[in-house]
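By this note's numbering, the letter at position 29 of the sequence shown is numbered 11, and the numbering carries on one by one without gaps. No residue lacks a Cβ here, since even glycine has one placed at the ideal position from N, Cα and C. Please read the structure below before turning to the comments.
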Amino acid sequence: MEEIKLQLLIAFIPPIITLIGAFIILAIRDIWLNKRNIERENRRRVIENKLIYLYSPLYANLQIGTAMLKNKTFFTTTSTNDKGKEGKPKELIDEIISKYFFLASKRLQPYLAKLYGVGFYNIKKEDADKLMEFLEEDYNILRDEYYGKK
């Protein structure tokens, strides 16, 4: 009788140890994968916010503002954020910068600060060129990362 109990115990110990080990490994794997997926999703959300709220509208309105200054025209454009609000591209650019400055890259922030307010009309050509260059580069980098090309 004792011998049968011992054999049963010996027969059941390895599968129980295997089940416990598998459970531990799966739990660790799931926790690690979940954490990694959450980090990826958060990074994707930040990139999406940068593209939607700062880089895309800023680039479009800077193009309009540049054309306005070159042609000395005073047309109005509608803000995408506020239906029915009309204003000059300069006002829209200031609104974008004041609301979403924190989303800009470190190398772009000094140029946005120079552009804000009356600086729009007094910005040096070199600074404006650097601003547009950095804006386009950052936009392309973010877009590539968002669509998984990186």
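Three-state secondary structure assigned by DSSP to residue i
i: residue 129; result: coil
i: residue 3; result: helix
i: residue 82; result: helix
i: residue 37; result: helix
i: residue 105; result: coil
i: residue 17; result: helix
i: residue 100; result: coil
Contacting residues, own chain, Cβ-Cβ under 7 Å from residue i (five flanking each side not counted)
i: residue 37; result: 117, 120, 121 and 124
i: residue 89; result: 116
i: residue 136; result: Any question about residue 136 goes unanswered here, given that the chain covers just -17 to 132.
i: residue 86; result: 36 and 94
Classification of residue i by the beta-carbon crowding that lies within 10 angstroms, buried from 16 upward
i: residue 9; result: exposed
i: residue 133; result: This structure does not reach residue 133, given that the chain is present from -17 up to 132, and the question cannot be answered.
i: residue 71; result: buried
Proximity of residue i and residue j at Cβ, strictly below 7 Å
i: residue 112; j: residue 93; result: yes
i: residue 75; j: residue 104; result: no
Span of the alpha helix (DSSP H), counted from its first residue to its last, around residue i
i: residue 96; result: 91 to 97
Contacting residues, own chain, Cβ-Cβ under 6 Å from residue i (five flanking each side not counted)
i: residue 19; result: none
Close beta carbons around residue i, own chain, < 8 Å, minus the five adjacent residues each side
i: residue 102; result: 47, 72, 75 and 76
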